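A.B. asks:
Number of protein chains: 2
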Amino acid sequence: MATRDDSSPEDRLIARFFAPIAIHPGALGLSDDAAFIKPPTGCDLVLTADAIVGGVHFFTDDAAPSVAGKALRVNLSDLAAKGARPLGFLLSLALPKDTGDDWLTGFAEGLRSDAVLFGCPLFGGDTVRISGPIAISIAMFGSVPEGSMVRRAGAKPGDRVFVSGSIGDAALGLDLRKGVAWKLSEPQRQHLMSRYLLPQPRNALAEAVRMHASSAMDVSDGLVGDFAKLCRASGVAADIEAEKVPRSNAAKAVLAAEPAMGETALTGGDDYEIICTVPAAKAESFRATAQAARVAVTEIGEIKAGEGARFIGPDGKPLTFKRASFSHF
Amino acid sequence: MATRDDSSPEDRLIARFFAPIAIHPGALGLSDDAAFIKPPTGCDLVLTADAIVGGVHFFTDDAAPSVAGKALRVNLSDLAAKGARPLGFLLSLALPKDTGDDWLTGFAEGLRSDAVLFGCPLFGGDTVRISGPIAISIAMFGSVPEGSMVRRAGAKPGDRVFVSGSIGDAALGLDLRKGVAWKLSEPQRQHLMSRYLLPQPRNALAEAVRMHASSAMDVSDGLVGDFAKLCRASGVAADIEAEKVPRSNAAKAVLAAEPAMGETALTGGDDYEIICTVPAAKAESFRATAQAARVAVTEIGEIKAGEGARFIGPDGKPLTFKRASFSHF
Chain A
59 MATRDDSSPE DRLIARFFAP IAIHPGALGL SDDAAFIKPP TGCDLVLTAD
109 AIVGGVHFFT DDAAPSVAGK ALRVNLSDLA AKGARPLGFL LSLALPKDTG
159 DDWLTGFAEG LRSDAVLFGC PLFGGDTVRI SGPIAISIAM FGSVPEGSMV
209 RRAGAKPGDR VFVSGSIGDA ALGLDLRKGV AWKLSEPQRQ HLMSRYLLPQ
259 PRNALAEAVR MHASSAMDVS DGLVGDFAKL CRASGVAADI EAEKVPRSNA
309 AKAVLAAEPA MGETALTGGD DYEIICTVPA AKAESFRATA QAARVAVTEI
359 GEIKAGEGAR FIGPDGKPLT FKRASFSHF
Chain B
59 MATRDDSSPE DRLIARFFAP IAIHPGALGL SDDAAFIKPP TGCDLVLTAD
109 AIVGGVHFFT DDAAPSVAGK ALRVNLSDLA AKGARPLGFL LSLALPKDTG
159 DDWLTGFAEG LRSDAVLFGC PLFGGDTVRI SGPIAISIAM FGSVPEGSMV
209 RRAGAKPGDR VFVSGSIGDA ALGLDLRKGV AWKLSEPQRQ HLMSRYLLPQ
259 PRNALAEAVR MHASSAMDVS DGLVGDFAKL CRASGVAADI EAEKVPRSNA
309 AKAVLAAEPA MGETALTGGD DYEIICTVPA AKAESFRATA QAARVAVTEI
359 GEIKAGEGAR FIGPDGKPLT FKRASFSHF
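Protein chains in written order, with my numbering: chain A, 59 to 387; chain B, 59 to 387.
(1) CB ALA194 of chain A to CB LEU149 of chain A, shorter than 9 angstroms?
(2) Which ranges does the alpha helix (DSSP H) cover as unbroken runs of at least 4 residues, wholly within the region 281-311 of chain B, from first to last along the chain?
(3) Using the beta-carbon of each residue, which ones in chain B are nearer than 7 angstroms to GLY113 of chain A?
(4) Look at the Cβ atom of ALA122 of chain B, then the Cβ atom of TRP161 of chain B, and state whether they are nearer than 9 angstroms.
(5) Whose Cβ in chain A lies nearer than 9 angstroms to the Cβ of LYS140 of chain B?
(6) Select from the region 277-297 of chain B all residues with a C-beta closer than 8 angstroms to any C-beta belonging to chain A, and list them in chain order.
(7) Using the DSSP secondary-structure output, state which residues sit across from PRO376 of chain B in a beta bridge.
(8) Tell me whether GLN258 of chain B, by its Cβ, gets closer than 8 angstroms to a heavy atom of the ligand COA.
(9) I'd like to know whether the C-beta of GLU331 of chain B is nearer than 9 angstroms to at least one C-beta of chain C.
(10) Sorted by chain position, which residues of the same chain lie with C-beta nearer than 6 angstroms to ILE95 of chain B's C-beta, five sequence neighbours on each side aside?
(11) Is the Cβ-Cβ distance between GLU360 of chain A and GLY216 of chain A less than 9 angstroms?
(12) Contact between the region 304-316 of chain A and the region 244-259 of chain A: three or more CB pairs below 8 angstroms?
(13) Report yes or no: is there a C-beta of chain A within less than 9 angstroms of the C-beta of ALA367 of chain B?
(14) Would you list the one or two residues that DSSP bridges to ARG187 of chain B?
(15) Enumerate, from N- to C-terminal direction, the unbroken beta strand (DSSP E) stretches of 3 or more residues contained entirely within the region 117-179 of chain B.
(16) So which residues of chain B does GLU321 of chain A contact, with C-beta pairs closer than 9 angstroms?
(17) From A:GLU204, A:ARG209, A:PRO98, A:LEU175, pick the residue whose C-alpha is nearest to that of LEU86 of chain B; which is it?
(18) Can you tell me where the beta strand (DSSP E) holding GLY223 of chain A begins and where it ends?
(19) Can you look up LYS362 of chain A in the DSSP assignment and give me helix, strand or coil?
(20) Per DSSP, which residues does VAL202 of chain A bridge with? Please list them.
(21) Determine the direct distance from the alpha carbon of GLU204 of chain A to that of ARG268 of chain A, and round the result to whole angstroms.
(22) To be precise: take each residue of the region 243-269 of chain A, compare its Cβ to all Cβ atoms of chain B, and keep it if any distance is under 9 angstroms. Which residues remain?
(23) For ARG218 of chain B, list the residues DSSP reports as bridge partners.
(24) Once the 5 residues before and after LYS362 of chain A are set aside, which same chain residues still bring their CB inside 8 angstroms of it?
(25) Looking at chain A, is there any beta carbon in it that lies within less than 9 angstroms of the beta carbon of LEU313 of chain B?
(26) Can you tell me whether ARG74 of chain B is helix, strand or coil according to DSSP?
(27) Which of the residues in the region 114-137 of chain A, read from start to end, lie with their CB under 8 angstroms from any CB of chain B?
(28) To the nearest angstrom, how far is the alpha carbon of ARG131 of chain B from that of ASP227 of chain A?
(29) Please determine, among A:ALA354, A:PRO376, A:SER201, the residue with the shortest C-alpha to C-alpha distance to ALA92 of chain B.
(30) Does the beta carbon of THR61 of chain B come closer than 9 angstroms to any beta carbon on chain A?
(31) According to DSSP, is GLY320 of chain B part of a helix, a strand, or is it coil?
(32) With three or more beta-carbon pairs closer than 8 angstroms as the criterion, would you say the region 225-241 of chain B touches the region 310-326 of chain B?
(33) Based on Cα-Cα distance, which residue from B:ALA341, B:ILE370, B:PRO245 lies nearest to GLU321 of chain B?
(34) For PRO98 of chain A, which of A:SER135, A:PRO144, A:ALA139, A:PHE76 has the nearest alpha-carbon?
(35) Out of B:GLU244, B:GLY327, B:ALA264, B:ARG368, which has the shortest C-alpha to C-alpha gap to CYS334 of chain B?
(36) Going by DSSP, what residue range makes up the beta strand (DSSP E) through ALA274 of chain A?
Given below as structure tokens:
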């Protein structure tokens, strides 16, 4: 980022909103061309970048702190799925001319609180003007002990398939946000909508994943499509029992009232859960470690030899889906 | 980035245009949630991110390879000024719906050739839709031996001030691009315009800077304003002899015809040169090392105790400027 001095509007914006939250000494108060960090000894760096754009990945009237949180958390979720510990992030912010100080204040506060919550400080970045919607790009770096990043490739026949948290909430929450009306209690509505608004990345599960999983990825574009990618990368097949896919009570209420939403719940985006495969001999230890980390994990199926991930319905037959993945693109 | 499979338009785009150029093994062919790299032993990581936006930082009809090159090189320039060796980069690309395959082919080719030229491979990133101009954000990481990143702070009274290459070309080139007509030869016109179109970052000078400079920064928003930031960060003053600021022959031709452009040439943006301060005892060695690296460096002044960087005119009086820096913001 640029300097703390007041020679340009960008400098003033950085000095006012972002320098106060760049508390790592290597960030140099965002007053230099670059930041520095000493990487942990004996570790590999894990690198990821995800962007979110107004009108595409969030509603332009979403509260600024939750927009900041979403931008950070979609990246944190990638690190979690790779078994990595966050080290920090760089922010690129493209702002339309009419972006107000209130929005920036809220955005910076959202960044600050999540940076503290997830132990992932701001190191630098850039702020630019755009004649279009707000675009937020975050590059995040984390660490794993050398050679231990968990990949999508690595699942073996016999491995158990686990998924964290609950699946489908965010996709249903997005439908609610768009005005779809289901008979739900207000807390149920709020639960689903908040799951869309602000991901809950499973960074608390990262260590358990790293110690046990043969493969893992984050579920961001729909469980069915994402898990198909993992199976393809690993060169394996899988049978998933659709009934075992974990559901929140709110999602269960929607699906009871409208069973056709089952497909949306399995293929919709924005879950930000982790799906991973664990060798059978390590499954018990994985469960215990996850429980100690206070992250729910549910066994939903098993890896097989062959090709293709099947989701098996209650009648024992594979489900078919109109589309396996959600795409913003 | 997403997987190599063909389940979404984004996946297909990444597989077609970007996976082939992600040749570092840690990039995993852009087929995983994240990439990994083993950081060099005994080194600090140097982190920077800069974004460029269509209609702000480049013309929307600029050739796609040079847009890619500019996006990469504005970041490479930051690493060079910090004395860092590039390790790699992450790319976030926000694309309007009508972005054609031709543009993407050219953009990927521009990225590929500069990634090879500067030894700075693509590790991953993200591709998203935007209802607005193309926005390109690059996060770049480099390395320096532990504790040796050159900062803006560090200049001391008596240090010599050096600047690389030539100053003002890009600002004059931008004026030409906007239609300003000066009497220049065609090669002179082309030189100035190409300096705006595609920065020539001084990464070949990074090692010399790291071994000799007490402070350094890249000149991207105008020499006068940027050097004022360096002096402020270092808590020093400086006297710069404006006549010694290095000029290309093309810039000299403009200034001879139109002396009023002198201010633009000293305060305009997009030079992507390095300004640094070198203790007097190391100046000769710096010069020799720069020469061995085939990067021109010119001594333009001296650091003094006090506050404020003065640019002294041929009459011995400090120049005054309408504005010290260029700002896109």
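Ideal Cβ positions, reconstructed from N, Cα and C, are used throughout, including at glycine.
In this text, all values refer to a predicted model and were calculated from it rather than measured experimentally.
C.D. replies: Taking the definition as stated:
(1) Correcting the residue identity first, residue 194 of chain A is Ile in this sequence and not Ala. Closer than 9 angstroms, so yes.
(2) 281-292
(3) SER189
(4) yes
(5) ASP90, ASP91, ALA92, PHE94
(6) ASP279, GLY283, ALA286, LYS287, ARG290, ALA291
(7) B:ILE370
(8) With respect to the ligand COA, the structure shown offers nothing to examine, as it has no ligands at all.
(9) The structure shown has no chain C; the protein chains it does contain are A and B.
(10) GLY84
(11) yes
(12) yes
(13) no
(14) B:LEU153
(15) 143-153
(16) Neighbours of GLU321 of chain A on chain B: none; closest Cβ ~16 angstroms, over 9 angstroms.
(17) A:ARG209
(18) Here GLY223 of chain A belongs to no beta strand (DSSP E), and DSSP marks it neither H nor E.
(19) strand
(20) A:ASP102
(21) 12 angstroms
(22) none
(23) B:VAL336, B:GLU360
(24) PRO215, VAL294, ALA295, ALA296, ASP297
(25) no
(26) helix
(27) VAL114, HIS115, ASP136, LEU137
(28) 42 angstroms
(29) A:SER201
(30) Only weak support exists for where THR61 of chain B lies, its pLDDT of 36 falling under 50; the value from the coordinates is given anyway. THR61 of chain B counts as touching chain A.
(31) helix
(32) yes
(33) B:ILE370
(34) A:PRO144
(35) B:ALA264
(36) 273-277
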